[in-house]
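Here the structure comes first, spelled out in structure tokens, and everything after it is commentary.
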Amino acid sequence: MSVDVPNTKRARRQAKGPFGSIGQVIDELDDRLGVAKGGRTFMDKIFPDHWSFMLGEIALYSFVVLLATGVFLTLYYIPSQALVTYHGSYLPLDGMRVTEAYASSVNLSFAVRGGLLMRQMHHWACDIFVGAIVVHMARVFFTGAFRKPRELNWSIGLTLLTLAIVNGFLGYSLPDDLVSGTGIRIAYSIILSIPLAGSYVAFWLFGGNFPGTAILPRFFILHCLIVPAIMVILVGAHLGLLVRQKHTQFPGKGRTEKNVVGSPMFPVFMAKTTGFLLIVTGVIALLATFAQINPIWQFGPYQASRISYAVQPDWYMAFLDGALRIWPSWSFHSFGHTIPFEVTIPAVVLPGIIFTIAYLWPTMERLVTKDNELHNLLDRPSNRPKRTAAGVAVLAFIVTLFFASSTDVIANFFHVSLEEVLVAMRVLVLVTPLIAYPVTYKICKELQGVHGSGKRKTPNAVSRTSEGEYVATPTPVYVDDVQHELEPTEVPRFIGAESNEPEELSGTRVVDR
Amino acid sequence: MRVPLFKRLVLVPTLLLLGLGPVVLFAGNATASGHSPYQTTRKDAGTPNSTIVKKNASGVVISYGDSSIMYNAPSSALDTLGEALFMQNCASCHGTKANGVPASGTSGAYPDLVGLGPATIDFWIDSGRMPAANVRAIEAPRRFPRLTPDQALAVAAWVNSLDPSYPDIPTPNLAKANVADGAALFALNCAACHTIEGDGDALAQSTFAPSLRHIPAFEVVEAIRTGPANMPRFTGNLSDEQVNDIVKYVTTEIQHPENPGGFGLGGLGPVAEGFVGLLVGVGILALVGFWVGERE
Amino acid sequence: MSDHEQRTPVHLEGLAPDDPHLAFASRNPQQAERVIAFMFVLGMLSVAGFGACYWVNAKPWLLGVTLGGGLSFLGIGLVAWGKYLMPRGPFVEDRHELASSREERDALAAAIVQRGGGVIKRRKMLGGLLGGGLGIFGVVAIFPLLRSLGPMPGTTLDTTDWKKGTFAVDITGRRVHQGDLAVGSVLTIYPEGLQETDRGQAVDQTILIRVSNESFTTEKGRESWAPKGYVAYSKVCTHLGCPVGLYEQELQILVCPCHQSTFNVLNGAVPEFGPAPRPLPQLPLYFDGSGYLRSQRGFDQAVGPGFWERS
Chain R
1 MSVDVPNTKR ARRQAKGPFG SIGQVIDELD DRLGVAKGGR TFMDKIFPDH WSFMLGEIAL
61 YSFVVLLATG VFLTLYYIPS QALVTYHGSY LPLDGMRVTE AYASSVNLSF AVRGGLLMRQ
121 MHHWACDIFV GAIVVHMARV FFTGAFRKPR ELNWSIGLTL LTLAIVNGFL GYSLPDDLVS
181 GTGIRIAYSI ILSIPLAGSY VAFWLFGGNF PGTAILPRFF ILHCLIVPAI MVILVGAHLG
241 LLVRQKHTQF PGKGRTEKNV VGSPMFPVFM AKTTGFLLIV TGVIALLATF AQINPIWQFG
301 PYQASRISYA VQPDWYMAFL DGALRIWPSW SFHSFGHTIP FEVTIPAVVL PGIIFTIAYL
361 WPTMERLVTK DNELHNLLDR PSNRPKRTAA GVAVLAFIVT LFFASSTDVI ANFFHVSLEE
421 VLVAMRVLVL VTPLIAYPVT YKICKELQGV HGSGKRKTPN AVSRTSEGEY VATPTPVYVD
481 DVQHELEPTE VPRFIGAESN EPEELSGTRV VDR
Chain Y
1 MRVPLFKRLV LVPTLLLLGL GPVVLFAGNA TASGHSPYQT TRKDAGTPNS TIVKKNASGV
61 VISYGDSSIM YNAPSSALDT LGEALFMQNC ASCHGTKANG VPASGTSGAY PDLVGLGPAT
121 IDFWIDSGRM PAANVRAIEA PRRFPRLTPD QALAVAAWVN SLDPSYPDIP TPNLAKANVA
181 DGAALFALNC AACHTIEGDG DALAQSTFAP SLRHIPAFEV VEAIRTGPAN MPRFTGNLSD
241 EQVNDIVKYV TTEIQHPENP GGFGLGGLGP VAEGFVGLLV GVGILALVGF WVGERE
Chain Z
1 MSDHEQRTPV HLEGLAPDDP HLAFASRNPQ QAERVIAFMF VLGMLSVAGF GACYWVNAKP
61 WLLGVTLGGG LSFLGIGLVA WGKYLMPRGP FVEDRHELAS SREERDALAA AIVQRGGGVI
121 KRRKMLGGLL GGGLGIFGVV AIFPLLRSLG PMPGTTLDTT DWKKGTFAVD ITGRRVHQGD
181 LAVGSVLTIY PEGLQETDRG QAVDQTILIR VSNESFTTEK GRESWAPKGY VAYSKVCTHL
241 GCPVGLYEQE LQILVCPCHQ STFNVLNGAV PEFGPAPRPL PQLPLYFDGS GYLRSQRGFD
301 QAVGPGFWER S
């Protein structure tokens with residue numbers, strides 16, 4: 001600033017330039033980093049507004065909640081299997097010898113202020129995170145957003161799903177309670193079942209025979225450091241690719257393969273997305289308030305000879321549990337070796353096949369449709385009946401496996417025999433995809449024939465002329481409707497001006513902010 | 001409309017399977033092979049190993065136990081009432097001599113009640129399982145009892161008088177119980193069938209482990225000591241002090257859980273949590289997303 | 001916003017002042033602003049309430065309601081602001097061609113192929129040796145990551161701690177006596193001294209059932225294994241290792257609670273239903289002179305789930 005600025009408020013303000021302090025900050029940053037042009041482009045970035053694009057944001061923001069609440073939890077949880085005597089406010093455990101991991105988790109729930117809320121928020125956020133990823137993935141699949149050029153992003157997303165499931169399993173096993181400890185026992189046996197290398201990998205991973213004392217500290221490091229670090233990097237790559245390739249959009253007025261229509265990043269999209277972050281956090285907090293999840297104090301500590309009935313894993317692992325329950329007991333035993341196919345196939349081979357098909361789907365679809373074009377416009381699911389039907393069939397298969405993990409709960413609820421439920425599940429897991437495919441295909445074909453499906457209905461104003469004739473004219477009811485009939489326009493450019501009077505340039509106007 | 005042959009070959013059998021499946025599922029409970037309902041192995045159900053034993057003038061044990069649980073034989077004054085009630089409510093199946101031979105003659109079809117001990121009879125009647133609602137069901141569920149507790153005691157007194165046996169009617173002293181020991185014993189011995197939260201679940205071959213949410217304290221002791229239906233009996237392998245601890249744990253933590261985290265979601269564990277997380281959690285957020293975004 | 005404040009006037013280029021793209025979505029912006037302000041106020045109070053509840057150590061549900069409700073209100077207000085009180089658009093931007101031009105691609109390919117190729121062609125042996133070295137490093141780098149984590153399995157999975165003459169004890173360490181169990185009773189037993197250890201509980205755990213008053217034979221060759229009707233099976237399920245703690249007295253079956261494998265107690269724990277592939281190994285028992293229960297020897301096979309080396 002020059003020395004000879006008179007010391008009045010107006011003069012000082014004018015000396016700062018037309019944009020005040022913010023302008024000065026931008027000057028300083030740009031001198032050092034050259035961010036002005038990029039920042040401007042970033043602010044003008046257009047984000048399509050369709051509601052189904054919010055599903056990925058649910059996943060992203062529940063991930064943020066997981067990181068934040070997770071940091072809180074790591075400050076109190078002790079990842080040690082050394083035995084301590086619990087002395088705390090929960091009487092049924094008082095005086096019991098439990099692992100430090102369990103004792104610290106119970107203390108976190110009862111003795112740490114806000115600890116139970118944080119623990120429950122963390123666990124609910126995880127269930128919602130994986131659920132949102134699945135729903136988001138379904139949206140991407142059914143609208144064909146995985147096609148060129150976004151195949152890499154599809155693979156990154158699938159990897160994120162796998163890591164989320166794995167991290168969820170690692171996380172709920174950390175408190176070392178009876179239910180999750182049983183899950184670790186089952187995981188050990190699954191690793192053991194791998195032919196040739198199983199016992200070696202199991203012994204190395206666990207530091208010996210089950211249970212050992214090494215597994216919880218290792219789960220802790222994997223769950224809190226290694227896997228989240230990989231996930232943060234992958235989420236960054238996922239969003240980076242999204243920014244670079246720009247978001248896809250549905251076909252509509254003014255939308256082509258070569259543009260993006262929607263709201264600009266600043267201020268509209270930032271407002272909506274930050275608001276959505278707050279709402280996601282709020283909903284998770286409210287869920288954590290009113291619905292109890294994983295009451296580890298009721299389950300008691302894990303001891304290898306204790307077991308509870310009705311122990312299912314968390315829902316995103318339940319499809320594996322369901323597969324393990326319904327698979328027949330095919331064990332191969334010959335030449336002094338055993339391959340426990342009743343474990344290896346449902347727990348190792350089946351998820352391997354499902355995820356391999358998922359990873360290869362973009363390539364397979366490209367080969368089948370012989371379509372090597374770039375696609376930035378999305379499909380309506382009903383316009384691609386074969387893909388939609390195949391996706392629904394696979395989903396039906398996995399959902400049936402999910403239900404198959406609650407065979408005992410179903411038998412208890414409906415008062416039928418456990419054996420009948422199991423046999424029914426074995427039948428259903430094969431039958432539901434076979435039915436889902438043709439039914440979905442038919443529905444898609446029907447929707448294709450419906451005129452104007454998926455579009456908003458325009459109301460008609462019916463008026464009667466004096467001759468008694470009825471005339472219907474389309475009429476917009478809300479301002480929204482007008483807006484949807486508009487051709488998209490470029491983001492208006494703001495240019496600075498110092499005068500207080502509006503200039504009469506064509507196309508310019510003064511906006512008081 | 002001409003349906004291609006392949007589609008027909010696939011569709012028809014799968015539809016048939018899907019249609020018949022529920023029929024098979026709900027066709028009613030088949031009886032387990034070779035076992036008649038309610039049969040209990042009995043005799044030699046464990047002798048009392050107690051510090052306090054009281055006998056009457058004729059040397060018959062009228063009560064035994066210790067500071068944790070006292071077992072009392074029902075008074076013989078109740079015998080006449082008990083006999084009348086038995087003839088009215090039970091004899092049509094269990095026979096006029098309570099030996100499982102009903103008047104209609106098919107011997108061995110219904111359990112022989114002689115020598116089972118008063119606690120067994122008292123448990124079955126007090127929990128409403130007897131008189132049986134459906135004699136062909138694999139397991140009799142808990143219902144609102146048809147006889148009052150005093151009437152149940154009277155029936156137990158009369159049946160016991162035919163061939164006096166153990167265990168007698170228990171009265172647990174919960175003030176002396178240790179709920180932490182009870183939690184540990186429950187987890188090792190009871191959770192495998194009744195689940196760790198005590199909600200019960202379906203077992204094999206149409207049998208069920210019942211929920212423990214509404215059972216009074218003395219019935220818990222009776223069930224543990226007598227092993228009703230498919231439940232194993234715990235006699236010498238659990239001392240009275242240990243049984244008392246379990247009873248305290250069941251009647252406090254199982255039946256009145258603190259649930260500081262909110263609604264207990266029925267104690268179903270991750271199954272219920274999954275439903276709530278997906279339908280309520282993701283559902284509400286998806287609806288919010290529907291509001292935030294556009295519909296075009 | 002107050003009219004008295006000085007604001008910096010700015011200019012817009014490219015749109016008329018009354019362009020509908022710049023209109024708000026709200027039909028009644030004053031009303032919308034009031035509602036959003038109310039949301040923000042509720043949110044502020046609620047979040048402040050969270051602070052207050054935390055200060056006085058209120059119950060968890062109060063903390064949760066104030067935090068969740070407060071953030072939700074703030075979020076709803078902010079989304080409403082962005083949706084109803086900001087320019088509605090729609091706005092458009094062009095996608096730049098992602099792909100570079102043919103010349104640029106060729107230039108990159110040429111740089112790699114010609115520069116790299118030229119170097120390698122002249123020093124093929126060096127390239128090969130470098131590749132070999134890095135390759136070997138890649139393989140051996142995995143060794144500490146795997147092998148240092150734990151021991152080799154050896155024969156650890158093949159045996160338990162039940163030996164000739166081991167006393168059977170319950171979880172409290174009390175030895176099992178022949179008068180302890182009535183017919184229909186069940187008990188979890190461990191080798192004496194190991195009931196509190198990991199190995200004792202995870203590997204050696206055995207379920208003891210009294211099925212009759214007399215000696216009982218489950219299979220040919222096992223006549224002496226179940227004295228006085230006490231039958232003992234390994235409690236580790238042969239499917240996935242869960243403790244098979246569920247005994248049904250009348251049906252005489254053991255059910256594994258995890259995946260509902262059903263084992264017949266009377267004929268050697270043969271699996272009748274469910275995914276378990278093998279019977280539970282049976283422990284041969286005997287009663288010593290004082291009437292205490294002891295094992296004749298260990299199990300005749302490995303307990304628990306299957307693995308490659310299991311013969």
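Protein chains in written order, with this note's numbering: chain R, 1 to 513; chain Y, 1 to 296; chain Z, 1 to 311. C-beta: ideal position from N, C-alpha, C; glycine also.
Whole-angstrom C-beta distance between residue j and residue i, which should lie under 8 Å
i	j	result
V98 of chain R	L83 of chain R	7 Å
I125 of chain Y	L147 of chain Y	5 Å
C-alpha distance - residue i paired with residue j, whole-angstrom precision
i	j	result
G227 of chain Y	F263 of chain Y	33 Å
E504 of chain R	D18 of chain Z	Residue confidence for E504 of chain R is low, a pLDDT of 45 falling below 50, so the modelled location carries little weight and cannot support an answer.
F250 of chain R	N259 of chain R	11 Å
V56 of chain Z	Q205 of chain Y	54 Å
P20 of chain Z	T432 of chain R	50 Å
R27 of chain Z	E33 of chain Z	11 Å
P537 of chain R	Y302 of chain R	Here chain R has residues from 1 to 513 only, and residue 537 of chain R is not among them.
L187 of chain Z	G49 of chain Z	53 Å
E487 of chain R	D30 of chain R	35 Å
M118 of chain R	F218 of chain Y	40 Å
I76 of chain Z	M39 of chain Z	7 Å
A154 of chain Y	S68 of chain Y	25 Å
D204 of chain Z	W154 of chain R	47 Å
Residues sharing a beta bridge with residue i, DSSP
i	result
S234 of chain Z	Z:T206
Y86 of chain R	DSSP output for Y86 of chain R lists no bridge partner at all.
D177 of chain R	R:P301
S295 of chain Z	Z:L285
A209 of chain Y	Y:D201
G262 of chain R	Z:F91
Q582 of chain R	In the structure as shown, chain R begins at 1 and stops at 513. Residue 582 of chain R is therefore absent and cannot be evaluated.
Cβ-based neighbour list, residue i, same chain, cut-off 6 Å, excluding 5 preceding and 5 following
i	result
K246 of chain R	V260
R174 of chain Z	none
R10 of chain R	none
Own chain partners of residue i with C-beta closer than 8 Å, once the 5 adjacent residues on each side are dropped
i	result
Y61 of chain R	F276, L277, V280 and T281
N99 of chain Y	D112, L113 and V114
L158 of chain R	M137, F355, A358 and Y359
D201 of chain Y	C193, H194, T195, F208 and A209
Same chain only: Cβ atoms within 7 Å of residue i, ignoring 5 sequence neighbours per side
i	result
P29 of chain Z	L85
W81 of chain Z	I36
Any non-hydrogen atom of the ligand SAH closer than 8 Å to residue i Cβ
i	result
L265 of chain Y	Summarising the ligand content, the structure contains no ligands, and the ligand SAH is consequently not present.
Please list the residues of the stretch 258–269 of chain R that have a C-beta atom closer than 9 Å to any C-beta atom in chain Z, keeping them in chain order.
K258, N259, V260, V261, G262, S263, P264, P267, V268 and F269
In the stretch 226–247 of chain Y, which residues sit with their C-beta less than 7 Å from some C-beta in chain Z, listed in chain order?
The residues in question are G227, A229, N230, M231, P232, R233, F234, T235, G236 and N237.
When Cβ atoms are compared, which residues of the stretch 195–208 of chain Y fall closer than 8 Å to chain R?
T195, I196, E197, D199, G200, D201, A202, L203, A204, Q205, S206 and F208
Which of the residues in the stretch 53–70 of chain Y, read from start to end, lie with their CB under 9 Å from any CB of chain R?
none
Taking any Cβ of chain Y, which residues in the stretch 356–386 of chain R have a Cβ under 7 Å from it, in chain order?
Going along the stretch 356–386 of chain R in chain order, one finds no residue with a Cβ nearer than 7 Å to chain Y.
At a CB distance below 9 Å, what residues from the stretch 226–247 of chain R approach chain Z? Give them in sequence order.
Those residues of the stretch 226–247 of chain R that come within reach of chain Z (Cβ to Cβ, closer than 9 Å) are R244, Q245 and K246.
Using a Cβ-Cβ cutoff of 7 Å, what residues of the stretch 281–295 of chain Y are near chain Z? List them in chain order.
V292
Members of the stretch 78–97 of chain Z near chain Y, C-beta cut-off 8 Å
V79 and K83
Near-chain R residues of the stretch 126–158 of chain Y (beta-carbon distance less than 8 Å), N- to C-terminal order
none
Where the stretch 33–56 of chain Z meets chain R: residues whose CB sits under 7 Å from a CB there:
Y54
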